[in-house]
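Okay, so here's the structure we're looking at.
There are 2 protein chains.
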Amino acid sequence: MRQVAIAGIGQTSVDEHWEKAIRDLAVDAILAALMDAGRQSAEALFVGNMMSGIIDHQNNLGALIADWAGLRSAEAVKIEAACGSGAAALRAGLIAVASGEVDSALVVGVEKMTDQSGHDITAALATAADADWEVDHGVSFVGLNAMIMRRYMHEYGWKHADFAPFSINAHANALHNPFARLHQAITVEDFEKAPMIATPINLLDASPTGDGAAAVLLLPAEKVMSNNQRPRTIIAGSASVTDTISVHSRRDPLFLTAAYESAKKAYAQAGVEPKDIDLFELHDAFSIMSALSLEACGFAERGQGPRLGLDGETAIGGRIPCVTRGGLKARGHPVGATGIYQIVEVVQQLRGECGPTQVEGARIGMAQNIGGAGATIVTHIIAAD
Amino acid sequence: MRQVAIAGIGQTSVDEHWEKAIRDLAVDAILAALMDAGRQSAEALFVGNMMSGIIDHQNNLGALIADWAGLRSAEAVKIEAACGSGAAALRAGLIAVASGEVDSALVVGVEKMTDQSGHDITAALATAADADWEVDHGVSFVGLNAMIMRRYMHEYGWKHADFAPFSINAHANALHNPFARLHQAITVEDFEKAPMIATPINLLDASPTGDGAAAVLLLPAEKVMSNNQRPRTIIAGSASVTDTISVHSRRDPLFLTAAYESAKKAYAQAGVEPKDIDLFELHDAFSIMSALSLEACGFAERGQGPRLGLDGETAIGGRIPCVTRGGLKARGHPVGATGIYQIVEVVQQLRGECGPTQVEGARIGMAQNIGGAGATIVTHIIAAD
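Heads up: the sequence lines are chains A and B, in that order.
Take the position in the first sequence, starting the count at 1, then add 1030; the result is the number in our numbering.
Take the position in the second sequence, starting the count at 1, then add 1030; the result is the number in our numbering.
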């Protein structure tokens, strides 16, 4: 298998794009990625999307977007793994290029969510949980995460305010990301006073949905040159691991086994350890997930994830800067697109393009995308060389 | 890239499986495929499915089915390309094994459609068409195919009854397939008198939906042995090509460009020509699609597909036996599963297990799976060696 480089990146803002169809959003990101790479097209297209069949009444996004992007006849498919669809699509593109099956691949994550009512979106998001064993009994997706958070607080003795640094950091970083959904700094007081959604998760624990698309162009590494302005960015590690969808079926609902295993595989492939990771775009759909991801990936002991936030270690300049462009919490979470936004943001860091939120000397970044409440977890390690 | 063999096959009947959840259907087929191969598990799982998010309120089928099949922690994703999802998932599994990314992969196609109202299923099927440019203007998926058929009859002068042999052959072959949805022979009179759906497509031009799952286990060819009872079956050609989703956007709506191109690629990979193909599991969702597929794949001249049926050339013993186990028309069309049923049936033919519908001396079989009215077309050539 040959090495694969991320030769181009593109993204739309995460916003209410009522004037754009889902194909428009995807193509905006694709054309930006092609332009960034100085290319006209690619041999294949892999689309990460979760819910277009439900809320846009549109399936077969591969063919739809390929045509609209000027790639008619290209092989094109959609990959779905709930909110982990973006990174799952990246893996499909990676394997296609690494194997030599194709010599170039575009991967786009896209989701269009704001045309629908909140009720419809809540129902669509719940398809990430177990329909028969969780959702049919009345729980929503945020409700599942709330039960995990409540249990975690009970077991380890954390207060709700102890999770505030995760959201404060996300909002602070998003101020400097023009593509972010939310541009507003928040305080601990804001965090504690935010409207409740599903106790103990309030509005500032939870990521906002949105419309958006992000894309990358993958090429064999030998076709991509580094230069002084821009290092070559290589996919050094990539792994996807699953767990039960039902949270109640897990031996320990407070440990993300699939995150642990996929990070372990990705570390081994890249030949690195947690201490070598310069920044971590983690899946902060809810603040509790930041804590669980940090623990499962080896950055904190069990039950001690919030400590990293409280000590400032997840902020820019800390030991493991997280969500450096705003994360799901403030850049926004257009679910099937999120995994590609994370990759785009890691590449921006490795290129040194992040201005006030630049991680100095960043050479190795990690991104972790989660489908369901820990059911499908895809970890990528990107290295500048 | 190493050669890949289909080491095991499994399927459920296509039926109204009201007592089984979608995960049960998938796992029944997976366990049958594993047992057929004498294996306990596989490293990765690729799920072909079109509409579980819409009608089962369940996404993230990869993790769901992996867990239920005893493959917890295995990499698992869903691949969607409308009714071409099954073969698209096979390609993902093929590339994963051929590249060495994994040493074994299960591919399962699954769909559960009969718990819902016909209205809901018609709406879900329409997500295979262009939501903005076709469906929003009132056309259903069968309506689109009806317009193609009407135009074809007008251009080439065929009568409706000229399409009867395709359906008669499918029903005749399904009589000997215990997994088929329909076990009833039909005549030209039945065909002409069937209730109209969307002129000129009547009930016997159209394939029935159903619940069902089919699975294959893929292994590196060097790990699979032939023996006297069972030849080794190799994926000799595999290609996926897209076209516009909107039928009106195509230069010629009566030619399946994506079928032509994907068959051409698959022939080249396998080193064969149409005359070398011993049987063809084509995508007869509607009788018109049989004609168009035969023409695009080089078995008939433009506009002359129905002639092959009228001359008996698509029946067992003819020049190019088609839908030897009943096809979509009579085995049934559980949409995301269909592409894997086709592969399972080709393997049954190459193994000589098809009884009265066995194609004598079959060594090379082709399967073609179509998503949308010609938008995503995936062609596989399987060879016994």
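Note that the Cβ used here is the ideal one computed from N, Cα and C, for glycine as well.
Since the structure is predicted, the reported quantities are computational estimates derived from the model, not experimental observations.
At least 9 Å separates the beta-carbon of residue 1239 (chain B) from that of residue 1336 (chain B). Counted as a single uninterrupted DSSP element, the alpha helix (DSSP H) harbouring residue 1115 (chain A) occupies residues 1115-1128.
In the structure shown, residue 1203 (chain A) falls within a helical segment according to DSSP collapsed to helix, strand and coil. Looking at the backbone, the Cα of residue 1152 (chain B) and that of residue 1170 (chain B) are separated by about 7 Å. A Cβ of chain B is located within less than 9 Å of the beta carbon of residue 1087 (chain A).
In this structure, residue 1079 (chain A) sits near residue 1366 (chain A), with a CB-CB distance shorter than 9 Å. Contact between the segment 1312-1321 of chain A and the segment 1161-1178 of chain A is present, with at least three C-beta pairs closer than 8 Å. Residue 1410 (chain B) places its beta carbon less than 9 Å from that of residue 1296 (chain B). Annotation: Cβ neighbours of residue 1102 (chain A) in chain B (cutoff 8 Å, chain order): 1272, 1273, 1274. Under the three-pair Cβ rule at 8 Å, the segment 1190-1197 of chain A counts as touching the segment 1330-1346 of chain A.
Shown here, residue 1066 (chain A) sits in a helix according to DSSP, grouped into three states. Taking the Cα of residue 1327 (chain A) as reference, the smallest distance to any Cα among A:1095, A:1285, A:1343, A:1301 is reached at A:1285. Contact check for residue 1361 (chain A) and residue 1209 (chain A): beta-carbon distance about 7 Å, within the 8 Å limit, so the pair qualifies. Nearest CB-CB separation between residue 1109 (chain A) and chain B: below the 9 Å threshold. The count of Cβ pairs closer than 8 Å, one atom from the segment 1226-1241 of chain A and one from the segment 1038-1054 of chain A, reaches three, so the stretches are in contact. Inclusion of residue 1310 (chain B) and residue 1398 (chain B) in the CB contact set at 9 Å is warranted, their separation being smaller than that value.
Shortest Cα-Cα distance from residue 1185 (chain A) to any of A:1034, A:1332, A:1348 involves A:1332. Annotation for residue 1396 (chain A): the continuous beta strand (DSSP E) segment containing it runs 1394-1401. Secondary structure of residue 1089 (chain A) (DSSP, three-state): coil.
Between the segment 1214-1225 of chain B and the segment 1374-1392 of chain B there are fewer than three inter-stretch CB-CB distances shorter than 8 Å, so the stretches are not counted as touching. Listed by position along chain B, the residues whose Cβ is nearer than 8 Å to that of residue 1165 (chain A) are 1087.
Taking a C-beta distance under 9 Å as the contact criterion, residue 1262 (chain B) and residue 1404 (chain B) do not qualify as a contact pair.
In this structure, A:1248 is the residue among A:1248, A:1353, A:1356 with its C-alpha nearest to the C-alpha of residue 1040 (chain A).
The beta-bridge partner set that DSSP reports for residue 1409 (chain A) consists of A:1269, A:1398.
Remark: C-beta atoms of residue 1275 (chain A) and residue 1097 (chain B) approach each other more closely than 9 Å. Proximity of chain B to residue 1157 (chain A) at the Cβ level (cut-off 7 Å) is accounted for by 1083, 1087, 1088, 1089, in chain order.
Residue 1076 (chain A): not part of any alpha helix (DSSP H); member of the beta strand (DSSP E) spanning 1074-1078, first to last residue. A buried status is given to residue 1188 (chain A), since no fewer than 16 other beta-carbon atoms sit within 10 Å of its beta-carbon.
Using beta-carbon distances, residue 1317 (chain B) does not count as an interface residue toward chain A, since no partner is under 9 Å. With contacts defined as CB atoms closer than 9 Å, residue 1200 (chain B) and residue 1358 (chain B) qualify as a contacting pair. Rounded to whole angstroms, the separation of the alpha carbons of residue 1278 (chain A) and residue 1164 (chain A) is 9 Å. Residue burial annotation: residue 1141 (chain B) is buried, with at least 16 other C-beta atoms found within 10 angstroms of its C-beta.
Of all residues in the segment 1392-1403 of chain A, the ones placed with a Cβ closer than 8 Å to any Cβ belonging to chain B are 1401, 1402, in chain order. With contacts defined by Cβ atoms closer than 9 Å, residue 1158 (chain B) and residue 1401 (chain A) do not form a contacting pair. For the set A:1115, A:1031, A:1135, A:1036, the Cα lying nearest the Cα of residue 1074 (chain A) is the one of A:1135. Between residue 1100 (chain B) and residue 1063 (chain B), the beta carbon gap of about 13 Å keeps them out of contact (Cβ cut-off 8 Å).
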